[in-house]
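Undergrad: Dropping the structure in here first, questions after.
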Amino acid sequence: MKALIQRVTRASVDIEGDNVGAIDHGLLALVGIEKGDSQADADKLLHKLLNYRVFSDANGKMNLNVQQAEGGLLLVSQFTLAADTHKGLRPSFSSAAPPDEGEQLFNYLVAQAQSAWQNVATGEFGGNMQVSLVNDGPVTFLLES
0 MKALIQRVTR ASVDIEGDNV GAIDHGLLAL VGIEKGDSQA DADKLLHKLL
50 NYRVFSDANG KMNLNVQQAE GGLLLVSQFT LAADTHKGLR PSFSSAAPPD
100 EGEQLFNYLV AQAQSAWQNV ATGEFGGNMQ VSLVNDGPVT FLLES
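Following numbering that gives the first Met the number 0, the numbering of the sequence shown begins with 0 at its first residue and continues without gaps.
Shown next as structure tokens:
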């Protein structure tokens, strides 16, 4: 399981012009689910998402996590993160979890996140989403469970 996280000053997800999720400052997490990923992987990834220290403290050092910074967490499913790009000029998605398994695991991640932190928003699994963000820094990391 992977998450490409970006520290943002704001981020939102729209589907057909309707806003389905938004946060002010916090983390946008694009989540990729691969074959063989489990709830244990989702739990490990969530621990990293909530505890990864990418927000500045009073001295300007990245020492605070999203909760300490009182930020939001926007979770967006993105199966393209599971792409194999090693060969050729067209990505292969053979390592991505099947849609039904991916959706179940993504929904589990969202439910766990919402029970652990009050400021969690999400996109729509499998939806044609338009994601808008203002990357703060820019600060971007790839986390893996």
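Using N, Cα and C, we set each Cβ at its ideal position, and we do this for glycine too. Every value quoted in this text rests on a predicted model; they were computed, and no experiment measured them.
1) For P189, which of helix, strand or coil comes out of DSSP?
2) Where does S37 fall in DSSP's three states?
3) Go ahead and pull the three-state DSSP assignment for L142.
4) Specify the secondary structure class of A112 as computed by DSSP and reduced to three states.
5) Quick one: give me the first and last residue of the beta strand (DSSP E) that M61 is part of.
6) If you run the structure through DSSP and keep just helix, strand and coil, what is K86?
7) Which of the three DSSP states, helix, strand or coil, is assigned to G71?
8) For a test of the three-state rule: what should DSSP assign to G125, helix, strand or coil?
9) Use the C-beta contact count for G20: other C-beta atoms within 10 angstroms, 16 or more gives buried, fewer gives exposed.
10) How long is the line joining the alpha carbons of K60 and M0, rounded to whole angstroms?
11) Should F105 be labelled buried (16 or more other beta-carbon atoms within 10 Å of its own) or exposed?
TA: By the coordinates alone:
1) Nothing in the structure corresponds to residue 189, since the chain is present only between 0 and 144.
2) coil
3) strand
4) helix
5) 61-63
6) coil
7) strand
8) coil
9) buried
10) 28 angstroms
11) buried
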